[in-house]
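Protein chains: 2
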Amino acid sequence: MMKKCRVLYDFSGETDNGELTIYENEVLQIIRQDVGEGWWEAENPSGQRGLVPEAYVEQMVEENQGSKPITTQQSTVSQDDEWDDDEWDERASQSSYDAQQQDSGLNGNNYGLSAPNRQFKQRNSEASARSGTVKKNFASRFSVFAKTGGEAYLLGGGPKKGASPDGTIRIIEAEDGPRWEETVGKYTCEIKNPKKESKLKGIKSFIAYQVTPSNTGIRVSRRYKHFDWLYERLAEKFTLVIVPPLPDKQVTGRYEEAFIEKRMDQLQRWMNRMTAHPVIGPSDVMIHFTSCTDEKLWKQGKRKAEKDEFLGAAFYQNIEPPANNLDVATIERQHDTFTRFTKSFDSSVAVIQQVIHDYSKKHLGPFKREYQKIGNSFTELATTFNLDNRPNPEGKDDPPQESVQLTEALNFTGKTYEEIGELFYQQPKYDLHPFEDFLKEYGGMMSCFPDMIHFHKHTVQTVKECQKQREEQKMDFEEAEAVKKRADVISYAMMAEVNHFHRERVEDFKWIMQVYLKEQIKFYKSLTIKLEEALQKYDELDR
Amino acid sequence: MMKKCRVLYDFSGETDNGELTIYENEVLQIIRQDVGEGWWEAENPSGQRGLVPEAYVEQMVEENQGSKPITTQQSTVSQDDEWDDDEWDERASQSSYDAQQQDSGLNGNNYGLSAPNRQFKQRNSEASARSGTVKKNFASRFSVFAKTGGEAYLLGGGPKKGASPDGTIRIIEAEDGPRWEETVGKYTCEIKNPKKESKLKGIKSFIAYQVTPSNTGIRVSRRYKHFDWLYERLAEKFTLVIVPPLPDKQVTGRYEEAFIEKRMDQLQRWMNRMTAHPVIGPSDVMIHFTSCTDEKLWKQGKRKAEKDEFLGAAFYQNIEPPANNLDVATIERQHDTFTRFTKSFDSSVAVIQQVIHDYSKKHLGPFKREYQKIGNSFTELATTFNLDNRPNPEGKDDPPQESVQLTEALNFTGKTYEEIGELFYQQPKYDLHPFEDFLKEYGGMMSCFPDMIHFHKHTVQTVKECQKQREEQKMDFEEAEAVKKRADVISYAMMAEVNHFHRERVEDFKWIMQVYLKEQIKFYKSLTIKLEEALQKYDELDR
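Those protein sequences? They're chains U and F, same order as listed.
Counted from 1, the first sequence has number 303 at position 303 by full-length UniProt numbering; the numbering is strictly sequential.
Counted from 1, the second sequence has number 170 at position 170 by full-length UniProt numbering; the numbering is strictly sequential.
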């Protein structure tokens, strides 16, 4: 049965990009829902096909009485309820949610960076809208820090809390600058076998993933909400460390196989990045997440992590930087360089994203149609050539053998171009979509930059302020030196993290370019093979 | 110096097809004039580029005083004069030209066929507008025949004129139906070495082609106007034989190398078709055209050919058909089959032409831009990555080696996609334009169909009319039998010609499909190679 949807809002599609213009209340036939990136392929009542934004339409369920939106078709436990109760069972009270919404406003401040492109901004606010617990969002995290623990740490070291469960974190001097010391026991986590499980007599269902860390080899079962919890812990604890948000949580098609596979893949990439980080990987909370199998211990560990005092500014108390003092001019230059890099990176990633997005949509619409039009025109010509029925002495009207063979070859060519059209349609799955996903992941990482930069800038300013005060005899030498020492810790941490980021970036972009180009090569080779098969049909006519 | 042109008429371009919207009096920069198919690539004052129809613009010549249209820049002997005097020195008086213009009106009658597509119609009328001598155009030729010689031949055999210089033309029964008998001495003609020559002290110049027939091996020199003369002789003589019009004569860029090469190529294909035809190839006028080297003999032969009496209906007096009488029902069925074929062929060729035309324009604009956009986005990313200058212990800010290499690889990828864009731009030259030229050639052949069908239909109707009269005792048996015998000659000729056409069609379409597919394969292989080179840069980073 053909699925249908009703148009909720007018949408003026760019034909050039394969989009369909749709009008409120129009009923469309859904051709494909796994197009990705928030698009469906649909056909309007005039038979035109194209891409429509899924947010602009609402799927209907066919009934004998007619079509109704699918949501009204649910049991009394609506998808929304289930979603809240199941995935958000640790959601905080509405008031804290409101407070957090206010915090989100701070997100608009992008710390002198160029305006983040819409997609990232959206992600960012999605990420904060999503964090149901009382944790602060990115922007507020640093503001709060500056107001309380951050300045306190810099100026006076903050309250001494003794040894952190994570121990001392060392920064060493390496060839390419300061680095986080790699501790022994680097490990990875394999995420696999997503299983739909349910509780409350099947009313609530969720996906459980099997997580197997390489250091223990013992698998644990984790749900998306557990990953979300882990993300919140890491983000609040590791100031100045890039903790990218989790992959988007989508409601639509949450239990569809393709979606589950994709989300698992994205969680895997997120997890790889976290376990590979020299500071995050060996941290207590990560070890707990990846190794705890006992339900009681799990809850204990959770509570302990939530009460961790070595977070935000306090996290720096356990960092041991290299012995050399940093000079302020160098720090400032480094700061500016990185700021320039992030601005430029932000804009060039936005450009690639746009180009890839458009190119991908062209594959789904115009390119496919172009090749199918070519195919159809050959098929039509073959149909014409079938009308070659010359009379022969036997009185039969069959066309001569060569004519029949040519017609067959043309038909084959027609089919070939139809298939090439389909290959174009399928291709983005293999090259452009992975690239888009990859860039989204980087978008998540980039959303951490403004806070890092703001925080570090604040540090540098504080140091300069103290120096000034010392020169004016308002602060004594020892005190100013102590501030500078603590600021060095922060600058070293920033440099180590930037260094870590760059090393990852080089590896990651090398990898994605290889993936992309390999798939592009495969694609053009497959076209070549198809066309060679078609050519062969004509070459055979010579024999 | 950048060439410019002034817009003569508003033109609303389809962006989708890479066209540029232009406005009267706007001055454009000409980017490329060898795009083909009547298009130039130009840039408007806002810096947008796209295709513009060359007929809508007028090229300007830069002078110190400013820009002037190029035509005002010519010597007192304007291009038009030269054209008329040189190429049209056998042009008839204005009155006969007018008469011929009236004849053209008959072209509108398409004999019950579907409306020929615009392009063919245009060709047809171009062809008739072009025939400067007193010869009839296609449509009028048959109408005249029906009014005079045709009916006379059918009903009474027409005036006996004795043996034709071309001798007897036999139609034989072959496996695939009636065929023109192939006489010995089949030959080809090689056309090459186009040379610009001039007369009247260089005021008039023209292109002379070297024509070397394979049967004599002695080369003769012929100009376009000689080919045109030959075409007129063949078209008026060989009723019911497909004599396609010559390739278009273009004024613009008449002496440009690319144009001359292309026209020579088209003349070559036209000539091949004519010499290969079992009736046309061995004809007196063809032998004269291909072998006469002496100027005096050339003029004598010309006059003789122009006075040939065995043309139109009289041509049938020298045809010897197979012994078997044809039955009217079979003839009618054959007639209808061919009519159906031509209608269908007409429309499927029009479809392919449109598809190829659009596809070709997309290569020149959107496709090229798409790949260059991809290239630019990689290049831009490389520029960003150049900003990776982490401090290292030596105090240098150079990025580490891996980072530099990645940036280089990205730059290379950017360049690769730029080049791929350029390959897309160039590609139509190798596959789509030859295909378009080929279809145009077939368009010319197809323009002969309506007259053939009309003529044959007239014959069949006359036969049926005579049979009716005989049944009504208004015509005696012998007379009716004699009409039927002469009608059989015409039907056999039609069948032989249709058969010949189909055999050529099979060969020709096989050939063009091979050309097309081979070039397509080459193209996709070249993309693969380019991408493999780009991929290698990343693979090298692993070492």
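All residues carry an ideal CB built from backbone N, CA and C; glycine is no exception.
Compute the distance between the beta-carbons of Gly38 (chain F) and Pro53 (chain F), then report whether it is under 9 Å.
Yes, the pair counts as a contact, with Cβ atoms nearer than the cut-off.
Starting from Leu517 (chain U), trace the beta strand (DSSP E) in both directions and tell me its first and last residue.
Note, Leu517 (chain U): premise wrong, no beta strand (DSSP E); alpha helix (DSSP H) at 477–541.
C-beta atoms of Leu234 (chain U) and Met286 (chain U) nearer than 9 Å
Leu234 (chain U) places its beta carbon less than 9 Å from that of Met286 (chain U).
Tell me which residue opens and which closes the beta strand (DSSP E) that Glu43 (chain F) is part of.
That run of the beta strand (DSSP E) goes 39–43.
Considering Cα atoms alone, identify which of U:Tyr538, U:Tyr224, U:Asp437, U:His502 is closest to Glu402 (chain F).
Looking at U:Tyr538, U:Tyr224, U:Asp437, U:His502, the one whose alpha-carbon comes closest to that of Glu402 (chain F) is U:His502.
Can you tell me whether DSSP reads Gly179 (chain U) as helix, strand or coil?
The sequence shown places Arg at residue 179 (chain U), not Gly. Of the three classes helix, strand and coil, the one that applies to Arg179 (chain U) here is strand, per DSSP.
If contact means a Cβ-Cβ distance below 9 Å, which residues of the region 492–506 of chain U contact chain F?
The region 492–506 of chain U vs chain F, Cβ under 9 Å: Met495, Val498, Asn499, His502, Arg503, Arg505, Val506.
Going by other Cβ atoms of all chains shown within 10 Å of its Cβ, with 16 needed for buried, is Gln300 (chain F) buried or exposed?
Its Cβ having fewer than 16 others within 10 Å, Gln300 (chain F) is exposed.
Grab me the residues of Asp85 (chain F)'s own chain with a C-beta within less than 7 Å of its C-beta, minus the 5 sequence neighbours each way, in chain order.
With a pLDDT of 31 at Asp85 (chain F), under the threshold of 50, the modelled position of this residue cannot be trusted; read the value that follows with caution. Excluding residues up to 5 positions away in sequence, Lys204 lie with their Cβ nearer than 7 Å to the Cβ of Asp85 (chain F) in the same chain.
Does Glu471 (chain U) pass the burial test, meaning 16 or more other C-beta atoms within 10 Å, or should it be called exposed?
Within a 10 Å sphere around the beta-carbon of Glu471 (chain U) sit fewer than 16 other beta-carbons, which makes this residue exposed.
May I ask you to list the residues that DSSP assigns as paired with Leu28 (chain U)?
Leu28 (chain U) pairs with U:Cys5.
Among F:Pro400, F:Lys4, F:Glu418, F:Asp437, whose alpha-carbon lies nearest the alpha-carbon of His357 (chain F)?
Ranking F:Pro400, F:Lys4, F:Glu418, F:Asp437 by CA distance to the CA of His357 (chain F) puts F:Asp437 first.
Do you know whose CA, among F:Glu58, F:Thr342, F:Pro428, F:Gly13, lies nearest Leu517 (chain F)'s CA?
Ranking F:Glu58, F:Thr342, F:Pro428, F:Gly13 by Cα distance to Leu517 (chain F) puts F:Pro428 first.
Simplified DSSP assignment, three categories, for Thr212 (chain U):
Thr212 (chain U) falls in the strand class under three-state DSSP.
Under 9 Å between beta-carbons, which chain U residues line up against Ala152 (chain F)? List them in chain order, please.
Close partners of Ala152 (chain F) in chain U (Cβ separation under 9 Å) are lacking, with about 29 Å as the shortest Cβ gap.
Indicate the three-state DSSP secondary structure (helix, strand or coil) for Gly217 (chain U) in the structure shown.
In the structure shown, Gly217 (chain U) sits in coil (DSSP, three-state: anything other than H, G, I, E or B).
Run down chain U in chain order and give the residues with a C-beta less than 7 Å from the C-beta of Asn389 (chain F).
Thr337, listed in chain order.
Opening and closing residue of the alpha helix (DSSP H) in which Ile260 (chain U) lies
Looking at the DSSP string, the run of the alpha helix (DSSP H) that includes Ile260 (chain U) is 257–276.
Taking Ala534 (chain U) as the query, report the chain F residues whose CB atoms sit under 7 Å from its CB, ordered along the chain.
Leu517, listed in chain order.
Just to confirm the assignment, what range does the beta strand (DSSP E) spanning Leu51 (chain F) have?
Judged by DSSP secondary structure, Leu51 (chain F) falls within the beta strand (DSSP E) whose first and last residues are 49–53.
CA-CA distance, Gly13 (chain F) and Leu28 (chain F)?
Whole-angstrom Cα-Cα distance: 14 Å.
Is it a yes or a no for the region 514–533 of chain U touching the region 408–423 of chain U, going by three-plus beta-carbon pairs under 8 Å?
With a cut-off of 8 Å, the region 408–423 of chain U and the region 514–533 of chain U count as touching, because enough Cβ pairs lie within range.
Residue burial classification, Thr293 (chain U) (beta-carbon count within 10 angstroms, cutoff 16)
Counting every other CB atom within 10 Å of its CB across the protein chains shown gives Thr293 (chain U) a total below 16, marking it as exposed.
Pull up the distance between the alpha-carbon of Ile207 (chain U) and that of Lys302 (chain U), whole angstroms please.
Roughly 20 Å separates the two Cα atoms.
In whole angstroms, what separates the C-alpha of Met513 (chain U) from that of Glu332 (chain U)?
Cα to Cα, the separation comes out at about 33 Å.
DSSP beta-bridge partners of Ile22 (chain F):
Note: Ile22 (chain F) sits in a beta bridge opposite F:Phe11.
Near Asn64 (chain F), what residues of its chain come up, given a Cβ to Cβ distance below 7 Å and the 5 sequence neighbours on each side ignored?
Because Asn64 (chain F) sits at a pLDDT of 46, beneath the cut-off of 50, its placement in the model cannot be relied upon, and the point is left open.
Less than 9 Å between the C-beta atoms of Val489 (chain U) and Ile280 (chain U), yes or no?
No.
Can you give me the C-alpha to C-alpha distance between Thr212 (chain U) and Tyr224 (chain U), rounded to a whole angstrom?
Each residue's alpha carbon lies about 15 Å from the other.
Can you list the residues of chain F that Asp327 (chain U) reaches, using a CB-CB cut of under 9 Å?
Ordered by position in chain F, no residue passes the 9 Å Cβ test against Asp327 (chain U), which lies about 11 Å from the chain.
Taking 9 Å as the CB-CB limit, is Phe120 (chain U) close to chain F?
Summary for Phe120 (chain U): the model assigns pLDDT 31, below 50, so the residue's position carries little reliability, and this model does not support an answer.
For residue 551 (chain F): DSSP bridge partner residues
This structure does not reach residue 551 (chain F), given that chain F is present from 1 up to 543, and the question cannot be answered.
In angstroms with no decimal places, state the Cα-to-Cα distance between Val355 (chain U) and Ser347 (chain U).
Separation of Val355 (chain U) and Ser347 (chain U) (C-alpha to C-alpha, rounded to the nearest whole angstrom) is 12 Å.
For Gln101 (chain U) and Gly217 (chain U), I'd like the C-alpha separation in whole angstroms.
Because the pLDDT at Gln101 (chain U) is just 34, under 50, the model does not fix this residue reliably, and the point stays unresolved.
Would you report the Cα separation of Tyr209 (chain U) and His500 (chain U), rounded to the nearest angstrom?
Going from the Cα of Tyr209 (chain U) to the Cα of His500 (chain U) covers about 29 Å.
Inter-stretch contact at 8 Å, needing at least 3 Cβ pairs: the region 339–353 of chain F / the region 377–384 of chain U
Because the criterion of three Cβ pairs below 8 Å is met, the region 339–353 of chain F and the region 377–384 of chain U touch.
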